[in-house]
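Q: Take this structure first; my questions come after.
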Amino acid sequence: MKANTLISKHILPLSLSDHIDTALDKMIEFKVLQLYVLLDQKIIGMVTWQKLSKHNGKESIQQFLETDFQHVSSDDYIFDIWSKMLQFKLNNIPVISDVDQFIGCISENELVKFYLSCLIEIEHGCIILLSMRKMDYSLEKIAQIVEEHKAVILSSFVSEKAEKNEIYLSLQINLNDPTSILNDFVRYDIEIVKVFSKQSVQNVHEERYNELMHYLNV
């Protein structure tokens, strides 16, 4: 599945003329911690809750614009998008066209729904996201760990991190409770980034909501 299937039309961009109050209100409404600023339908930067919330609400967002921002294309695969959002600690990311025009945003909420739908389709199981150095990657070794716990890898996907010597590995496993497998991953010094199961997937929503509430001092 690719990015264009998960684009949200509800996360609206900002303009340079917007004030801090407007940006913060929209972040609360959309439940995001970053928003992107457009000029002639192209992204010129982003603003974050963490920076804006420290300043007077009547000030322009222009002076707080960050021009170094992440984006994806509509042809990027879902796992590559999720990897980038995790790596740069984003809870939404903009999608741009071949001519660099803004199409929309993909939220962490939509990605969680996607992973949950994958679990529903296989009726039981979980998705585990791992991080490791390229030189340490061995699917054979990882499969052996999984199979020792009488489980099977249903699918796997590798994505390269910005640090070119590291990768993300996504595993779909036919166990609802992968605790014993996770313990072995820890024992072998394999970093566990996220675990998605029918029981735990809601924790992702709660984590991001609590993060926003922390910034709001609620």
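In terms of my numbering, the sequence shown has 1263 at position 132, counting the first letter as 1, and numbering is strictly consecutive. Just so it is clear, CB atoms sit at the ideal spot from N, CA and C, and this is done for glycine as well.
Quick one: measure Cβ to Cβ for L1147 and L1170, integer angstroms, because I've assumed they're closer than 8 Å.
A: What you label residue 1147 is simply residue 16 of the sequence shown in a count that begins at 1. What you label residue 1170 is simply residue 39 of the sequence shown in a count that begins at 1. The Cβ separation is near 6 Å, so the contact holds.
Q: Less than 9 Å between the C-beta atoms of I1312 and V1283, yes or no?
A: Stepping through the sequence shown from its first residue, residue 1312 is reached at position 181. Stepping through the sequence shown from its first residue, residue 1283 is reached at position 152. No, these two residues do not count as a Cβ contact at 9 Å.
Q: Mapping the DSSP letters down to three states, classify K1140 as helix, strand or coil.
A: To locate residue 1140, count along the sequence shown from 1; it is residue 9. Coil at K1140, not helix or strand.
Q: Assess contact between the stretch 1253–1264 and the stretch 1237–1245, defined as three or more Cβ pairs (one per stretch) separated by less than 8 Å. Is contact present?
A: They do not touch, by the three-pair rule.
Q: I1192 and I1151 - do their beta-carbons sit closer together than 9 Å?
A: The residue given as residue 1151 occupies position 20 in the sequence shown. The residue given as residue 1192 occupies position 61 in the sequence shown. Yes.
Q: Measuring straight from C-alpha to C-alpha, what distance separates I1234 and S1184?
A: Counting from one through the sequence shown, the residue named residue 1234 turns up at place 103. Counting from one through the sequence shown, the residue named residue 1184 turns up at place 53. Roughly 27 Å between the two C-alpha positions.
Q: Report back the beta-carbon spacing between V1168 and L1145 to the nearest angstrom; my notes put them in contact at under 8 Å.
A: The count along the sequence shown starts at 1 and reaches residue 1168 at position 37. The count along the sequence shown starts at 1 and reaches residue 1145 at position 14. Contact flag correct, Cβ pair sits at about 5 Å.
Q: Should the stretch 1256–1276 be called in touch with the stretch 1318–1327, which here means at least 3 C-beta pairs below 8 Å?
A: Result yes; three or more Cβ-Cβ pairs closer than 8 Å.
Q: If you draw a straight line from the C-alpha of V1230 to the C-alpha of A1134, how long is it?
A: By one-based count along the sequence shown, residue 1230 stands at place 99. By one-based count along the sequence shown, residue 1134 stands at place 3. The straight-line gap from Cα to Cα measures roughly 16 Å.
Q: Starting from the C-beta of N1296, find all residues in its chain whose C-beta is less than 7 Å away, skip the five residues before and the five after it, and write them out in chain order.
A: For the purposes of this step, residue 1296 is taken as the residue at position 165 of the sequence shown. Result list for N1296: R1264, K1265, in chain order.
Q: Which same chain residues, not among the five before or five after K1215, have their C-beta less than 7 Å away from its C-beta?
A: The residue labelled residue 1215 in the question sits at position 84 within the sequence shown. Closer than 7 Å at Cβ, skipping near neighbours: Q1201, V1203, I1224.
Q: To which residues of the same chain is V1326 closer than 8 Å at the C-beta, ignoring the five residues directly before and after it?
A: Numbered from 1 along the sequence shown, position 195 holds the residue referred to as residue 1326. If we look at V1326 and ignore the five residues flanking it on each side, its Cβ neighbours are C1257, I1258, I1259, L1260, P1309, L1313.
Q: What is the rounded straight-line gap between the Cα of K1182 and the Cα of S1205?
A: Here residue 1182 refers to the residue found at position 51 of the sequence shown. Here residue 1205 refers to the residue found at position 74 of the sequence shown. In a straight line, the C-alpha of K1182 is about 29 Å away from that of S1205.
Q: Identify the continuous alpha helix (DSSP H) that holds Q1275 and give its terminal residues.
A: Counting from one through the sequence shown, the residue named residue 1275 turns up at place 144. Its alpha helix (DSSP H) spans residues 1270–1278.
Q: Could you work out which residue in V1226, L1217, S1228 is closest to S1290 when comparing CA atoms only?
A: Counting from one through the sequence shown, the residue named residue 1290 turns up at place 159. Answer by Cα proximity: L1217.
Q: Which of helix, strand or coil does DSSP assign to N1223?
A: Taking the sequence shown and counting its residues from 1, one reaches residue 1223 at position 92. If DSSP states are grouped into helix, strand and coil, N1223 belongs with the strands.
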